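Residue numbers (my numbering): 33 to 372.
As structure tokens, this is what we get:
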């Protein structure tokens with residue numbers, strides 16, 4: 033089994049009844065915890081017009097997390113590029129890299145990160161931005177690159193910072209762009225797992241070595257709900273399952289407290305959503321997590337797993353990441369022992 037790193041994705045979610053400040057404070061607590069555990073990075077996703085998330089202003093959240101952690105890499109997961117000017121993005125992340133050298137990531141996506149009406153307000157006259165995604169990624173690569181690749185317009189700060197750039201996606205189109213540019217590719221299986229096999233194959237088969245990367249680098253984002261027992265994991269997963277029901281009924285809400293017999297309380301239509309639309313999710317105790325991780329990695333051979341956990345209680349969310357980290361460390365400690 034190929035060894036992989038583990039990282040964290042967050043939307044700075046609000047628990048039911050929390051204020052925005054409390055949601056951000058919870059994100060800081062999570063970041064500090066996974067920093068101490070030795071996770072590689074924590075990314076924050078851009079979402080707009082949702083009172084369930086505090087991550088709309090991703091750059092501000094990233095800077096706040098950087099200032100409250102010590103070692104972990106922090107970045108966007110991602111910046112939705114059609115919403116932004118490439119030059120401004122380069123200036124913003126160039127500034128972060130200047131302030132926090134070798135700790136900043138810039139992952140770029142081409143979805144709106146919101147509903148269509150809100151996207152209209154954000155993008156104003158830039159309605160075709162999604163079609164310029166590849167070109168604008170190239171522009172940012174130039175802006176943060178060395179002086180030899182610069183044009184007349186330059187990013188200050190930004191030029192020469194060489195901020196690491198990743199392409200996000202959940203389709204074959206984004207896989208082709210990441211491959212042609214020779215950039216790392218992060219597949220969003222946490223909400224759209226169905227094209228992952230094809231997307232990763234296209235990325236690997238079409239990858240062009242570049243100044244940024246010599247070999248394909250695959251990240252997969254999945255959901256993980258871990259607890260000390262299967263019963264506890266099943267109980268706390270109610271908050272996670274409600275998120276997906278809310279997404280596909282256009283009724284996004286803050287994380288709800290888990291309830292007993294949650295599945296039995298759902299309508300047939302809600303059960304159909306979970307059956308057909310639930311993102312790639314690993315749920316259980318350490319033993320089931322170990323088994324499922326082995327199966328996942330044997331299938332997808334990723335270089336890095338980036339995990340999101342929609343768990344209502346912050347302490348249980350952090351404990352879920354503790355269990356995952358321990359399981360992964362044990363897997364590769366055992367593998368190292370067997371090889372020696």
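Built from N, CA and C at the ideal position, the CB exists for glycine as well. Remember, predicted model here, so these are calculated numbers, not experimental data.
Query                                                                                                              : Result
Member of 282, 60, 302 and 324 whose CA lies at the smallest distance from the CA of residue 95                    : 60
DSSP beta-bridge partners of residue 39                                                                            : 338
Beta carbon of residue 66 nearer than 8 Å to that of residue 138                                                   : no
Alpha helix (DSSP H) runs contained entirely in the region 68-143, provided each spans 4 or more residues          : 90-99 and 118-131
Euclidean distance between Cα positions of residue 119 and residue 239                                             : 26 Å
Proximity below 8 Å, CB of residue 93 to CB of residue 71                                                          : no
Sufficient close CB pairs (3 or more, under 8 Å) joining the region 220-237 to the region 162-179                  : no
Nearest-angstrom beta carbon gap, residue 114 and residue 165 [assumed within contact, 8 Å]                        : 7 Å
Residues bridged to residue 217 (per DSSP)                                                                         : 199 and 250
Nearest-angstrom Cβ-Cβ length linking residue 24 and residue 360, presumed shorter than 8 Å                        : An answer regarding residue 24 cannot be provided, because it is not within the stretch 33 to 372 covered by the chain.
Proximity winner among 222, 320, 347 and 230, relative to residue 340 (alpha-carbon distances)                     : 222
Contact test: residue 204 Cβ vs the ligand SAM heavy atom, cutoff 7 Å                                              : For the structure depicted, the ligand SAM is absent and the ligand set is empty, with no information on it obtainable.
Validate contact between the region 251-267 and the region 300-316 using beta carbons, cut 8 Å, 3 pairs            : yes
Length-filtered (4 minimum) alpha helix (DSSP H) runs lying within the region 284-354                              : 300-309 and 318-332
With 16 other Cβ atoms within 10 Å as the buried cut-off, status of residue 163                                    : exposed
CA nearest to the CA of residue 135, picked from 151, 108 and 148                                                  : 108
Where residue 241 falls, given that 16 or more other Cβ within 10 Å makes a residue buried                         : exposed
Separation of residue 80 from residue 212, as counted between CA atoms                                             : 30 Å
Residues sharing a beta bridge with residue 186, DSSP                                                              : For residue 186, which the question treats as bridged, DSSP gives no partner whatsoever.
Opposing strand residues paired with residue 257 [DSSP bridges]                                                    : 315
Beta-carbon proximity check, residue 111 vs residue 78, cutoff 8 Å                                                 : yes
Cβ-Cβ separation, residue 206 to residue 142 (assumed contact under 8 Å), whole Å                                  : 7 Å
Neighbourhood of residue 84 by C-beta, 7 Å cutoff - its chain only, sequence neighbours within 5 removed           : 45, 46, 284, 285 and 286
Distance CB(residue 363)-CB(residue 322) smaller than 8 Å                                                          : yes
Contact between the region 126-133 and the region 95-106 (3+ Cβ pairs under 8 Å)                                   : yes
Pair within 8 Å by beta-carbon distance, residue 30 and residue 329                                                : Outside the displayed range of the chain (33 to 372) lies residue 30, so it cannot be described from this structure.
Residues sharing a beta bridge with residue 47, DSSP                                                               : 287
Selected residue, minimal CA-CA separation from residue 243, among 208, 181, 346 and 354                           : 181
Outcome for residue 307 when other beta-carbon atoms lying within 10 angstroms are tallied against a minimum of 16 : exposed
Per-residue DSSP class, three states only, for residue 280                                                         : helix
Simplified DSSP assignment, three categories, for residue 55                                                       : helix
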